[in-house]
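Chemist:
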Amino acid sequence: MTAARRKITKAEKQSASPARGRRGIKAKPVMPQTASSKTEEQMAARLATLEPGSKRFVVLDAAIRFKRSWVELAQYLTRVREEGLFKEWGYRSFEAYAQHELHLKKETAQKLVRSYDFLNAHERPQLEAVVRGAQNAEPLPSFQALDILAEARQNPYLDEDSYREIRDQVFRDDPPPAQVRKLVKERAPEPPPEEEDPQRRLRKCLSLAERLYGMLLEEDVPDNIAQSVEQAVGGLRRMLDE
């Protein structure tokens, strides 16, 4: 028997032998898990503890099927936020509920709700067609792209024609979010920031110095410290009077 054959036989014996943990107790084979599979298991385990058909059940179920239908989850999330259902379920905030029960990042949950609100307010026919499951319903863009489109609609530097061009391209091509943001910037460049009035900055400094001086008078600090701040207050006042 060759050395190669002996190695194969040994490996086969090892794979056929039951795995044993400490103290010789037979252990179940453990499959490597990714963070995603662990998360899905946690969500599925939570789902099993809930009453089927309950509001909490259907929202978590939609989250598990999130990759297949973001619109359904966004619709439920909007209702959870508007009706404050998360409080009934023991969470102090909508974001905490989304993060701990649905395993959604705060930003993701907010974008989902904003995108749904945008569709409901400005693209209702398309939204209703998708929700009804109409055969002629056109696929919606990603919620990330719609979130940027919602921001663009509120941009005071973007005219209506430019917005319509971007809107049509988003619904037609479903471009990546970065490309949508680039389209908005090309058609509505942000104006350069205005230089702050020097007098305004001085007034801010004076306000802070006066507050500090008042606090020092109430504390047990050396006189020279309070006097230094008092002198600074006087100096700032003189500068503003000039």
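Numbers 367 to 608, taken from this note's numbering, label the letters of the sequence shown in order.
Beta carbons are placed, not taken as given, at the ideal position from N, Cα and C, and that holds for glycine.
#1: If you run the structure through DSSP and keep just helix, strand and coil, what is Q545?
#2: Within this structure, are the beta carbons of L470 and L426 separated by less than 8 Å?
#3: Of the residues K472, R604, A518 and L478, which one's Cα is nearest the Cα of Y442?
#4: Taking a contact to mean a Cβ-Cβ separation below 8 Å, would you say P543 touches Q510 in this structure?
#5: D534 to A554, Cα distance in whole Å?
#6: State the Cα-Cα distance for the pair R566 and F537, rounded to the nearest angstrom.
#7: Which residues bound the alpha helix (DSSP H) around E596?
#8: Mapping DSSP to helix, strand and coil, what is N486?
#9: Round the Cβ separation of A429 and L439 to the nearest angstrom and send it over; I've been treating them as touching at under 8 Å.
#10: If you follow the alpha helix (DSSP H) that A428 is part of, which residue opens it and which one closes it?
#11: Apart from the five residues on each side of it in sequence, which residues of its chain come closer than 7 Å, Cβ to Cβ, to V595?
#12: Judging by CA-CA distance, which residue of D589, I514 and L568 is the nearest neighbour of K551?
#13: What residue range does the alpha helix (DSSP H) around Q441 cover?
Modeler: The relevant details are as follows:
#1: helix
#2: In this structure, L470 lies away from L426, with their beta-carbon atoms at least 8 Å apart.
#3: L478
#4: Between P543 and Q510, the C-beta gap is smaller than 8 Å, which places the two residues in contact.
#5: 17 Å
#6: The alpha-carbon atoms of R566 and F537 are separated by roughly 45 Å.
#7: First-last of the alpha helix (DSSP H) with E596: D589 to D607.
#8: helix
#9: 6 Å
#10: For A428, the uninterrupted alpha helix (DSSP H) run begins and ends at K421 to I430, by DSSP.
#11: A575, L578, Y579 and L582
#12: The option with the nearest alpha carbon to K551 is I514.
#13: W436 to E449
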